[in-house]
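Chemist:
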Amino acid sequence: MIRRHRARAVVLALALVLTSASAAPAQACTRDTVTAPELADAMDAALRSSRVPYDIRTTTNSTRFETAYLRILVERGLAAHPDGGILVIPYDVLWFDYLRAAGLAPADSALAPVGRLLGYQFHQGVEVVFGPVRSIVRSVGGGGREPLIAADVKYAWPDRPDGRRKFSYEDTLSVPKLQATQHQVLTFRLLVFDDMIAVEEIHGISGRPLTGFLAALFRLLGEGNADFARIAITSDGQQVVRTRATKLFSKTVTGVIGPDGHVGRVPRDRPDMTAIEARLDRPLHLEYEPYRCWPR
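If you count by our numbering, then the sequence shown holds residues 1 to 296, one letter each, in order.
#1: Specify, as a first and last residue, the run of the beta strand (DSSP E) that Glu287 falls within.
#2: Could you please give the first and the last residue of the uninterrupted beta strand (DSSP E) stretch that includes Leu73?
#3: Can you list, in chain order, the residues of its chain whose CB lies under 7 angstroms from that of His297, leaving out five sequence neighbours each side?
#4: Give the single residue among Leu280, Ala107, His123 whose Cα lies nearest to the Cα of Asp194.
#5: Tell me the start and end of each unbroken beta strand (DSSP E) in the stretch 116 to 176 that is at least 3 residues and wholly inside, in chain order.
#6: Rounded to a whole number of angstroms, what is the C-alpha to C-alpha distance between Ala216 and Met196?
#7: Would you report the Cα separation of Arg134 and Thr58, rounded to the nearest angstrom?
#8: Confirm, please, whether the CB-CB distance from Pro147 to Leu87 is below 7 angstroms.
#9: Nearest-angstrom Cα distance between Gly258 and Tyr54?
#10: Between which two residues does the beta strand (DSSP E) holding Phe96 run?
#11: With a 10 Å radius around its C-beta and 16 neighbouring C-beta atoms as the bar for buried, classify Gln121 as buried or exposed.
#12: Just curious, the beta strand (DSSP E) that Asp55 is in, first and last residue?
#13: The alpha helix (DSSP H) spanning Arg48 covers which residue range?
#14: In terms of residue numbering, what span does the alpha helix (DSSP H) encompassing Ala278 cover?
#15: Taking 7 angstroms as the CB-CB cut-off, is Gly85 touching chain B?
#16: On the DSSP bridge list, what partners appear for Thr187?
#17: Based on DSSP bridge pairs, tell me the residues matched to Thr243.
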């Protein structure tokens with residue numbers, strides 16, 4: 001039982017993830033603003049690529065959905081600019097295209113995850129720096145493998161008159177319920193391998209469960225900071241997530257997220273899932289370049 005709730009606690013903290021990289025782009029880099037039709041098409045393609053439909057209105061499926069459509073945008077960006085560039089997604093385009101993809105009208109914003117609504121209200125946009133893989137990451141030590149695609153991602157909002165540099169909220173749509181904090185700049189490295197998606201070097205997101213056995217423990221520790229998440233999808237649409245969070249100590253766990261967004265532990269009667277868990281646990285042996293666009 002303790003293991004199950006640990007998996008839920010850390011996976012839920014990471015499900016809010018999708019933060020990004022604090023890039024200092026060079027003037028020579030191509031900088032393109034993603035239009036509403038372009039983002040809508042990428043979101044639709046991401047949903048079609050899943051063998052089993054899943055609920056994108058749940059916070060726990062957010063990372064799965066966002067990494068899927070960001071991957072498509074980066075692939076298209078590389079096709080147009082093989083030397084790299086920067087994609088900018090405006091906050092309002094991000095919000096309204098998400099509502100459309102989720103089948104929600106603007107008047108139904110209360111049915112969307114509260115973190116997304118606050119992101120819209122705070123004008124939280126996205127920047128994605130992409131380029132040749134080795135301009136972002138490379139394997140070291142001889143034991144690593146390089147991803148097929150790599151990008152630096154940043155979710156951020158401009159300075160506000162009230163000086164707010166973070167927002168916290170309770171997500172009552174999550175199972176279990178979740179308390180989370182997002183900072184003004186949220187960053188991560190997005191790595192696409194042939195058998196998994198890795199979200200590494202996460203900064204600017206934290207969370208803890210409000211319900212369940214570990215709620216009392218997390219009240220004492222405070223919110224755990226997400227470090228990384230590695231995701232693979234089973235043939236029946238289950239999301240296996242290996243993730244680590246850090247507060248007073250680091251804890252790495254694996255959880256399973258169903259298409260409905262509910263979180264559980266890896267069932268021992270699913271050898272395919274235990275094999276995925278072992279694969280996600282292998283060290284990556286990667287070294288990252290500074291956040292910046294590298295025109296070539």
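In this text, a Cβ means the ideal position worked out from N, Cα and C, and glycines have one as well.
Modeler: Well, looking at it:
#1: Within the sequence shown, numbered from 1, the residue matching residue 287 stands at position 287. Counting along the chain, the beta strand (DSSP E) containing Glu287 begins and ends at 286 to 288.
#2: Your numbering for residue 73 matches position 73 in the sequence shown. Leu73 -> not in any beta strand (DSSP E); alpha helix (DSSP H) instead, spanning 62 to 80.
#3: Residue 297 lies beyond the range of the chain shown here (1 to 296); nothing can be said about it.
#4: By one-based count along the sequence shown, residue 194 stands at place 194. That would be Leu280, whose Cα lies nearest to the Cα of Asp194.
#5: 125 to 130, 137 to 139, 149 to 156, 166 to 171
#6: Here residue 216 refers to the residue found at position 216 when the sequence shown is read from its first residue. Here residue 196 refers to the residue found at position 196 when the sequence shown is read from its first residue. Residue placement at Ala216 is flagged as unreliable, the pLDDT there being 45, under the threshold of 50; the coordinate-derived value follows with that caveat. The alpha-carbon atoms of Ala216 and Met196 are separated by roughly 33 angstroms.
#7: Residue mapping note: residue 134 aligns to position 134 of the sequence shown, counting from 1. Residue mapping note: residue 58 aligns to position 58 of the sequence shown, counting from 1. Computed Cα separation, rounded: 34 angstroms.
#8: By 1-based counting over the sequence shown, the position of residue 87 is 87. By 1-based counting over the sequence shown, the position of residue 147 is 147. No.
#9: The residue labelled residue 258 in the question sits at position 258 within the sequence shown. The residue labelled residue 54 in the question sits at position 54 within the sequence shown. When rounded, the distance between both Cα atoms is 8 angstroms.
#10: As a first step, residue 96 must be located in the sequence shown, where it is residue number 96. Per DSSP, Phe96 belongs to no beta strand (DSSP E); it is in the alpha helix (DSSP H), 91 to 101.
#11: In the sequence shown, the residue the question calls residue 121 occupies position 121. Per the 10 Å Cβ criterion, exposed.
#12: Position 55 of the sequence shown, counting from 1, holds the residue named residue 55. Taken as a continuous stretch (DSSP letters only), Asp55 belongs to no beta strand (DSSP E), as it is neither H nor E.
#13: Position 48 of the sequence shown, counted from the start, is the residue given in the question as residue 48. Element bounds for Arg48: 36 to 48.
#14: In the sequence shown, counting from the first residue as 1, residue 278 sits at position 278. Segment 271 to 280, the alpha helix (DSSP H) holding Ala278.
#15: Here chain B cannot be found, since the structure has a single protein chain.
#16: As a position in the sequence shown, residue 187 is number 187, starting the count at 1. DSSP output for Thr187 lists Lys154, His203 as bridge partner(s).
#17: The sequence position of residue 243 within the sequence shown is 243, counting from 1. Thr243 is bridged to Ala229, Val253.
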